[in-house]
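Input: a single structure, listed below in structure tokens.
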Ligand code: ADP
């Protein structure tokens, strides 16, 4: 059965973490153990050197004893005449005294055949006197090389000892016999019993001759060949001692002198730190074995430490991975959001363009209707005038004809004014175009354009315009603003009777204010903040686009002014604020439109 990928990954990661934990603990344990072993090894080496020094000092102290005695004339005398009973007794006593003074175990004299002529222990049951030790290597070494040293178990006493021998020469330098001192190292061995660790002294055959662990004495560390065994029996070196092995297995070599060893001893398997140090003069090797118990404590600490470090590392990695993932998701979300916003903006722009287009088309429609109405009237009047003029001509009434022509002229003038207006309106206003404008004139122009509607709906227009109100701006765009405001006012008053439109201008500091107030009931308070937003409209579908005020607001801002909406007791009041033009005109001319006629009701009724 295959796991789902996410779960499989989680299981895999958990397994890796656990495996890493175990590995790091094992690894740290190994390192700590090795470290501890090496440290203990160094300590042990110091200890071993002290032991070696003690053995060396002891042996050296006794080595001189037979060498000095070999010069004694009585000894030579006895060797020459071994049957001299008095001399022999005297020497026995001398050796006894010397042995006592030196603190050695036995001091004795052998003739050239190895027979004991005199011995310090002549009084005891185990007296060496009369015994032959010609088979002992220390005897033969002394005859051959002048001196010998040999560890063996005493054949007579059964007590192990270190035998130091020295040849005795006659005046001509010929060997007469051998002087031997036996040291019993048991005292030394007893001293070691309380010491830490197991101390072994092995001879050249790797047989343990001294140790602070009695059960291990006379065990061999290296296997013995049959020939060696036979030789040992011949020399009766270890007497009746039963030689047994001490099996061991090297686990790890730590350095030149130390290793970790598993010993299969009399009390079972045990691991030891095993150190060696050779004593070249004696041909022995000192061994120190230490138990690893103390090492284990330090290792546990290291393992826990490694586990802690590993887990910290794992958590850190997990945290970083999580953070990276979160960032990736955030980045992806952000770019997705940006893409969405871009797409929406694009859609909105298209929609807006479509709406603007629709608004333009609607405006065109309205304008066409207004134009048709505006032009139709004078055209009908003209047709009638032309008919009556023809009649007057037929009746030969030239005066009346002249009068009629003047009225025709008036009608034509009106139509010309209208088209002139349209021409200005159609002219594309270049951005940034700015001229000195009379507010009264701009209002007048706007009212002209809306004249048919104002007339039809019987709106009373009250004007209170200050002739000197002058601002800088673009006439057509400002007119557009006023037309928008007037349209809205007319829409608002559609259901009212009577309809009153009040337009007034006044100075406020450095600005001119132009307000347009109606009695259409005003703007609902909750809509006051929204009326300038694009596409905000309360008009039924097909009537309002909600762009008029937004566009107007933009235009007024471009001109450096502001547009505010508010209510008074009767209806809405829109206030246009524009910076006043400072100073008189430089060219002395009147501002644009100063000459234009003012809008008045009498004209509306024409
Ligand atoms: P539209 O006229 O196409 O609705 P506008 O931006 O010109 O768009 O006007 C937005 C809205 O502001 C209108 O729908 C209306 O609710 C409100 N409004 C504007 N002028 C007036 C006014 N004089 N009286 C009452 N409400 C008005």
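Numbering (the numbering used here), first residue to last: 2 to 607. Just so you know, even glycine gets a beta-carbon here, dropped at the ideal spot from N, CA and C. Because the structure is a prediction, the values reported are computed rather than measured.
Are the CB atoms of residue 149 and residue 143 within a distance shorter than 7 angstroms? For residue 143 and residue 149, yes; Cβs fall inside 7 angstroms.
Cα separation between residue 89 and residue 221? Spanning the two alpha carbons is a distance of roughly 41 angstroms.
Would you list the one or two residues that DSSP bridges to residue 351? Under DSSP, residue 351 forms no beta bridge with any residue.
Using only the alpha-carbon positions, how far apart do residue 201 and residue 286 sit? Straight-line Cα distance between these residues: approximately 8 angstroms.
Rounded straight-line distance, which links the Cα of residue 399 to that of residue 581: Approximately 54 angstroms, taken between the alpha carbons.
In this structure, does DSSP put residue 532 in helix, strand or coil? Correct three-state label for residue 532: coil.
For the alpha helix (DSSP H) that contains residue 1, what are its first and last residues? Residue 1 lies beyond the stretch modelled for the chain, which goes from 2 to 607, so this question has no answer here.
Exposed unless 16 or more other CB atoms sit within 10 angstroms - verdict on residue 406: Result: exposed.
Exposure label - residue 6; buried when at least 16 CB within 10 Å: Exposed: under 16 other Cβ atoms inside 10 Å.
Cβ-heavy atom distance, residue 489 to ligand 1, below 6 angstroms: Yes, Cβ of residue 489 sits closer than 6 angstroms to a heavy atom of ligand 1.
Please tell me whether residue 571 and residue 489 are closer than 7 angstroms, where the distance is taken between their beta carbons. In this structure, residue 489 does not lie closer than 7 angstroms to residue 571 by Cβ.
Exposure of residue 549, with buried meaning 16 or more beta-carbon neighbours within 10 Å: Residue 549 is classed as buried because its beta carbon has at least 16 other beta carbons within 10 Å across all chains shown.
According to DSSP, simplified to helix, strand and coil, what is residue 183? Of the three classes helix, strand and coil, the one that applies to residue 183 here is strand, per DSSP.
Since I believe residue 462 is in contact with residue 448 (beta carbons under 8 angstroms), could you give me their beta-carbon distance rounded to a whole number of angstroms? The beta carbons of residue 448 and residue 462 sit about 7 angstroms from each other, so the pair counts as a contact at 8 angstroms.
Quick one: what does DSSP say residue 526 is sitting in, helix, strand or coil? In this structure, residue 526 counts as helix in the three-state DSSP scheme.
In whole angstroms, give me the CA-to-CA distance for residue 111 and residue 167. Each residue's Cα considered, the two are about 10 angstroms apart.
Measuring straight from C-alpha to C-alpha, what distance separates residue 21 and residue 232? Between residue 21 and residue 232, the C-alpha separation is close to 59 angstroms.
How about residue 182 and residue 105: are their beta carbons less than 7 angstroms apart? Against a cut-off of 7 angstroms, the Cβ pair of residue 105 and residue 182 comes out as a contact.
For residue 373, three-class secondary structure by DSSP: Helix at residue 373.
Going straight from the alpha carbon of residue 131 to that of residue 223, what length do you get? Distance between the alpha carbons of residue 131 and residue 223: 37 angstroms.
What residue range is occupied by the uninterrupted alpha helix (DSSP H) comprising residue 212? Boundaries around residue 212 are those of the beta strand (DSSP E), 209-212, since no alpha helix (DSSP H) includes it.
Separation of residue 481 from residue 428, as counted between CA atoms: Residue placement at residue 428 is poorly supported in this model, since its pLDDT is 47, which falls under 50; the coordinates are not used for a value here.
For a test of the three-state rule: what should DSSP assign to residue 471, helix, strand or coil? Strand.
Any C-beta of chain C sitting closer than 7 angstroms to the C-beta of residue 385? Checking the listed chains, one finds no chain C in this structure; it contains a single protein chain.
What number of angstroms, rounded off, separates the C-alpha of residue 140 from the C-alpha of residue 116? Their backbone Cα atoms lie some 10 angstroms apart in a straight line.
Could you tell me the boundaries of the beta strand (DSSP E) in which residue 461 lies? Taken as a continuous stretch (DSSP letters only), the beta strand (DSSP E) holding residue 461 covers 460-465.
Compare the Cα-Cα distances from residue 250 to each of 346, 257 and 264 and report the closest residue. For the residues 346, 257 and 264, the minimum Cα distance to residue 250 belongs to 264.
In the segment 92-158, which residue ranges form an unbroken beta strand (DSSP E) of at least 3 residues, counting only runs that do not cross its ends? Counting only runs of 3 or more, we get 107-112, 117-120 and 148-154.
Just list the residues that DSSP pairs residue 616 with in beta bridges. A query on residue 616 cannot be resolved here, the shown segment of the chain reaching from 2 to 607 and no further.
Put residue 539 into one of helix, strand or coil per three-state DSSP. It is coil, neither helix nor strand.
Considering only C-alpha positions, which residue in the set 492, 146, 87 and 379 is nearest to residue 412? Cα-wise, what sits closest to residue 412 is 379.
Heavy atom of ligand 1 less than 6 angstroms from the Cβ of residue 567, yes or no? For residue 567, the distance from the CB to the nearest heavy atom of ligand 1 is not below 6 angstroms.
Tell me whether residue 576 counts as near ligand 2, meaning its Cβ is closer than 6 angstroms to at least one heavy atom of that ligand. For ligand 2, the structure offers nothing, since it holds only ligand 1.
So what's residue 249 in DSSP terms, helix, strand or just coil? Here residue 249 sits in strand by DSSP.
Need the endpoints of the alpha helix (DSSP H) that residue 485 sits in, please. Per DSSP, the unbroken alpha helix (DSSP H) holding residue 485 starts and ends at 476-493.
For the beta strand (DSSP E) that residue 163 lies in, which residues bound it at each end? From DSSP, the beta strand (DSSP E) with residue 163 extends over 161-170.
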